[in-house]
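Structure record follows, encoded as structure tokens.
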Amino acid sequence: MPSTFVGIETALRGLNAAQAELQITGHNITNANTKGYTRQTATLATSPELQIGPGVEMGTGVNVTGYQRIRDSFLDTQLRAQTMLQGSAQTQEDYLGQIEGVINEPSDTGLNSLLDAYWQSWQDLSDHPEDPGTRQALVESATSLADGFNTISSQLSTITSQTSQDLSLALDQVNADGKTLQQLNTAIYNAQAVGDTPNDLLDQRDQVLDDLSQYGSLSSTDNGDGTITVKLDGVTLTAGKTAYTLSESGGTLSNNMTTPETATITSTQGKIGGLVNLRDVTIPGYASTLDTIANTLIVQTNALQAGGTDVNGVTQTGGVGLDGSTGKPFFSGTDASDIAVVVTAPQIAAASATGVPGDNSNALKIVAMADDATLTPLAGATLSGAYSRLVTTIGSDAQSAQRANTNAGVLVDSLTSRRDSVSGVSLDEEMTNLVKFQQGYQAASRALNAIDDLLSTLIDRTGRVGL
Amino acid sequence: MTRITNSMVSRTVLADIQNVQAQLTSTQERLSSGKEITKPSDDPFGTSRALLFTSEISANTQYQSNVQDASSWLTTTDAALSSMSSDAGRARDLILEGANGSFDQNDRDAIADELDQLADSIKTAGNSQYAGNYVFGGTVTQTPPFAMGAVDTYAGNSAAINRSIGQGVTMQVNITGDQVVSPILAAIRQAAIDLRSGGTPGNLGTTDLAALDAATAQLSSAQATVGARENRLTTAASRLQQLEQAQSQQLSDTQDADMAQTMIDFSTQSAVYQAALKAGATLIQPSLMDFLSS
Numbered sequence: 030m031p032s033t034f035v036g037i038e039t040a041l042r043g044l045n046a047a048q049a050e051l052q053i054t055g056h057n058i059t060n061a062n063t064k065g066y067t068r069q070t071a072t073l074a075t076s077p078e079l080q081i082g083p084g085v086e087m088g089t090g091v092n093v094t095g096y097q098r099i100r101d102s103f104l105d106t107q108l109r110a111q112t113m114l115q116g117s118a119q120t121q122e123d124y125l126g127q128i129e130g131v132i133n134e135p136s137d138t139g140l141n142s143l144l145d146a147y148w149q150s151w152q153d154l155s156d157h158p159e160d161p162g163t164r165q166a167l168v169e170s171a172t173s174l175a176d177g178f179n180t181i182s183s184q185l186s187t188i189t190s191q192t193s194q195d196l197s198l199a200l201d202q203v204n205a206d207g208k209t210l211q212q213l214n215t216a217i218y219n220a221q222a223v224g225d226t227p228n229d230l231l232d233q234r235d236q237v238l239d240d241l242s243q244y245g246s247l248s249s250t251d252n253g254d255g256t257i258t259v260k261l262d263g264v265t266l267t268a269g270k271t272a273y274t275l276s277e278s279g280g281t282l283s284n285n286m287t288t289p290e291t292a293t294i295t296s297t298q299g300k301i302g303g304l305v306n307l308r309d310v311t312i313p314g315y316a317s318t319l320d321t322i323a324n325t326l327i328v329q330t331n332a333l334q335a336g337g338t339d340v341n342g343v344t345q346t347g348g349v350g351l352d353g354s355t356g357k358p359f360f361s362g363t364d365a366s367d368i369a370v371v372v373t374a375p376q377i378a379a380a381s382a383t384g385v386p387g388d389n390s391n392a393l394k395i396v397a398m399a400d401d402a403t404l405t406p407l408a409g410a411t412l413s414g415a416y417s418r419l420v421t422t423i424g425s426d427a428q429s430a431q432r433a434n435t436n437a438g439v440l441v442d443s444l445t446s447r448r449d450s451v452s453g454v455s456l457d458e459e460m461t462n463l464v465k466f467q468q469g470y471q472a473a474s475r476a477l478n479a480i481d482d483l484l485s486t487l488i489d490r491t492g493r494v495g496l
Numbered sequence: 260m261t262r263i264t265n266s267m268v269s270r271t272v273l274a275d276i277q278n279v280q281a282q283l284t285s286t287q288e289r290l291s292s293g294k295e296i297t298k299p300s301d302d303p304f305g306t307s308r309a310l311l312f313t314s315e316i317s318a319n320t321q322y323q324s325n326v327q328d329a330s331s332w333l334t335t336t337d338a339a340l341s342s343m344s345s346d347a348g349r350a351r352d353l354i355l356e357g358a359n360g361s362f363d364q365n366d367r368d369a370i371a372d373e374l375d376q377l378a379d380s381i382k383t384a385g386n387s388q389y390a391g392n393y394v395f396g397g398t399v400t401q402t403p404p405f406a407m408g409a410v411d412t413y414a415g416n417s418a419a420i421n422r423s424i425g426q427g428v429t430m431q432v433n434i435t436g437d438q439v440v441s442p443i444l445a446a447i448r449q450a451a452i453d454l455r456s457g458g459t460p461g462n463l464g465t466t467d468l469a470a471l472d473a474a475t476a477q478l479s480s481a482q483a484t485v486g487a488r489e490n491r492l493t494t495a496a497s498r499l500q501q502l503e504q505a506q507s508q509q510l511s512d513t514q515d516a517d518m519a520q521t522m523i524d525f526s527t528q529s530a531v532y533q534a535a536l537k538a539g540a541t542l543i544q545p546s547l548m549d550f551l552s553s
């Protein structure tokens, strides 16, 4: 036979369970807006039954067996993969937007207009080869054009160095996160060693992993002792209770293990991948196209002006300036960064080699250069055409980065919503639970009351028959 | 059934509002700039077309200015040739008069003097300038091709001056003095010599007249050439104008915003924005707490 007082214990377990559930509900409600918080529930199970006779078992109530985080790790993996893509696309969109600002097209002040003005000045010179004013105007518009090349070139270098700075900031953040993961791993290990379930530490660790995923391709493996090993782009950042420092050089990511692990970074691998791609591929590509255009302009103009080998390898005879000078180059420099006008107005060779003041045949040759699509380095385009191709490339790159960012953003939003749907706190639900658990508590205390009544009858009234 | 949580609702509301706001900003940008393309990524292909059309229009404007300039040059040339032509006509009359045997030497000397005057007049026309350039001097545009007085040496050269009047199209604008002026001068000077040489100038009515006629024929042919070139320029000018119109139209089609459409977009987006705000405010506020009695 069970003890007389067993019912009190049963009711007490009910009260404890209801209290624990109320406690968890309160925890959930107060953390409804905590970033990275995962809602928790108390896991209840019937307490071991009492054998009261052969084949007769009596239930003894309920036990709280644990607190569980409601989380779907599959969604975490998907979300982190999309966050990585978003990190890369967002970085590239930001930078390409800046570059679009630098080239400032279509506008009346962009390089295209400066190039147009340059050709117009040559045309004017071909109309009036002897006029000092026209010559000076050509020197001015050529100087503006050279300045235009210089400005874009130097701004592209500035942006490139910004990517390097951003990259080292990103790596600092990654390494700091690595240290945090190490500390959390240690704390979780210690807590689990004494049998605790450190749900809130686990939340914090997941939150760090979420943050890290924007920097690169993240993988985490469970070590079975509560700690995890985290790799960024395949390079170990934190292994259990040890943290490593990541560094990047020439597009390769490595850590500071005794035998360092290395991995080549690809462009879609988060912010770091995006920045490396911008720094090593995208921006240098634009700069080199611009340099080719500037170089073609310099070499071709100088060959027609001062004589020498032109961009197609043909030897040009050059011309004569108004002051009788020969062999005076028009531009100095070799690319967009250092192109400059060195010719003075009277030295401009509008006339051919045998020319006299009214001769404009050399100027007409330069005028024809504007429409020349056979300049070898430009691969079938005119100078303006090659530039507009560069602008189109930048525009397309920016557009696809925008699209990639928008797509990744939509997916990140939708996955975050799905994760919220599983792990987030619904206040309505918690309120309902609050009511439910409160009633559970009340019911358990009513049961206690009933047993109390019984016992009171037993203790106070028994043996008092006839009194 | 999907669980709907509070953070989901607020995130969705926020994302939607930001989305509509981004659209509004982009429409606003188009409205205030009047341009469909404000940066290359708005429409990369359109941008390259816009750049191409802008350059074409710029080149076209320049070609029109070149044509204008060439046309003025030819007008100057034409006027000078006409004046030479009338002088040559007068010289022909004088030579015919001088060939008449009834004149005495004094009369002939007087005719010869007048021929010399005509030569100077022709050389003055031969020194015609356009915008500071001697039009008959070949590429020697800064020195007068002819000196006044007895010496008729041509100081210019026979080089052509070309103008660029279209993409890859150049046209010669000048007529050189050695082609048109020098033969007339030579014929007139020879006649004057023959007149002054005394006796019956047998050559006057024959070789001298023939030489002058040949020179005048060259002059007429030069006039015809100038006329033909002027026609070519007129055609080129009207073609360039039509082209510019077409190019401007294409540029506008490519890069200018359709204002009516953009305004309608803007109004629609404003309405959506306000609806999103209102819906968000209604959705976020209440929870079960508002309805549970304590």
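First to last, the protein sequences are chains A and B.
Quick note: the first sequence uses the numbering used here, first residue 30, plus one each step.
Quick note: the second sequence uses the numbering used here, first residue 260, plus one each step.
Just so it is clear, CB atoms sit at the ideal spot from N, CA and C, and this is done for glycine as well.
Note that the coordinates shown come from a computational prediction; the quantities given were computed from them, not determined experimentally.
Taking aspartate 524 (chain B) as the centre and dropping the five residues before and after it, the same chain places the C-beta of Thr286 closer than 7 Å to its C-beta, in chain order. Ranked by Cα distance from threonine 120 (chain A), the first of A:Gln431, A:Asp457, A:Lys465 is A:Gln431. In the displayed model, alanine 369 (chain A) falls within a strand according to three-state DSSP. Think of a sphere of 9 Å around the beta carbon of phenylalanine 304 (chain B): the chain A residues whose beta carbon falls inside it are Thr421, Gly424, Ser425, in chain order. The three-state secondary structure of phenylalanine 395 (chain B), taken from DSSP, is coil.
Annotated as distal: serine 425 (chain A) and isoleucine 263 (chain B), with beta-carbon spacing of 8 Å or more.
A straight-line Cα-Cα distance of about 29 Å links valine 410 (chain B) and asparagine 389 (chain A).
Taking 9 Å as the Cβ-Cβ cut-off, the region 454-472 of chain A approaches chain B at Val454, Ser455, Leu456, Asp457, Glu458, Glu459, Met460, Thr461, Leu463, Val464, given in chain order. For secondary structure counted as the alpha helix (DSSP H) over 4 or more consecutive residues, the region 378-440 of chain A holds these complete runs in sequence order: 390-398.
CA-to-CA, the gap between threonine 72 (chain A) and valine 93 (chain A) works out to about 6 Å. Contiguous alpha helix (DSSP H) elements confined to the region 439-507 of chain B do not occur, taking only those with 4 or more residues. The region 369-383 of chain A makes no contact with the region 262-280 of chain A, as fewer than three CB pairs between them are under 8 Å.
Neighbours of alanine 205 (chain A) in chain B, taken as residues at a C-beta separation under 9 Å, are lacking, since the least C-beta distance is about 26 Å. Secondary structure of valine 223 (chain A) (DSSP, three-state): coil. If you keep only unbroken alpha helix (DSSP H) runs of at least 4 residues inside the region 76-140 of chain A, you get 102-132.
The region 290-306 of chain B makes no contact with the region 475-484 of chain A: fewer than 3 CB pairs, one atom from each, lie closer than 8 Å. Membership of valine 272 (chain B) in the alpha helix (DSSP H) is indicated by the continuous run 265-292.
Around the beta carbon of lysine 537 (chain B), fewer than 16 other beta carbons lie within 10 angstroms, which makes this residue exposed. Against chain B, a Cβ distance below 7 Å from threonine 445 (chain A) picks out Arg270.
DSSP lists B:Asn392 as the bridge partner or partners of tyrosine 389 (chain B). Not a single CB atom of chain B sits nearer than 8 Å to the CB of serine 296 (chain A). Counting only residues of its own chain and dropping the five nearest sequence neighbours on each side, serine 366 (chain A) has a CB closer than 6 Å to the CB of Ser182. Listed along chain B are Lys298, Pro299, Ser300, each with a C-beta nearer than 7 Å to that of glutamate 129 (chain A). Nearest CB-CB separation between histidine 56 (chain A) and chain B: not below the 8 Å threshold. Not flagged as an interface residue toward chain B: arginine 100 (chain A), since no C-beta distance is shorter than 8 Å. For valine 385 (chain A), the number of other beta carbons within 10 angstroms of its own is at least 16, and it is reported as buried.
Under the three-state reduction of DSSP, alanine 205 (chain A) is assigned to helix.
The region 479-494 of chain B and the region 329-342 of chain B touch, with no fewer than 3 CB-CB distances between them shorter than 8 Å. Contacts between leucine 547 (chain B) and chain A, judged by CB atoms closer than 8 Å, involve Leu456, Asp457, Met460, Thr461 in chain order. Under the 10 Å beta carbon count, valine 279 (chain B) is surrounded by 16 or more other beta carbons and is classified as buried. In this structure, DSSP gives asparagine 57 (chain A) a helical state, which the three-state scheme calls helix.
Within chain B, not a single residue places a beta-carbon under 7 Å from that of aspartate 364 (chain A); the smallest gap is close to 22 Å. Sequence-distant partners of threonine 39 (chain A) (beyond 5 residues in either direction) whose C-beta falls short of 6 Å from its own C-beta, in its chain, are Thr89, Gly90.
Note on arginine 490 (chain A): under 16 other CB atoms within 10 angstroms of its CB, so exposed under the neighbour-count rule. DSSP lists A:Val370 as the bridge partner or partners of phenylalanine 360 (chain A). Using a Cβ distance threshold of 8 Å, glutamine 506 (chain B) and glutamate 288 (chain B) do not count as a contacting pair.
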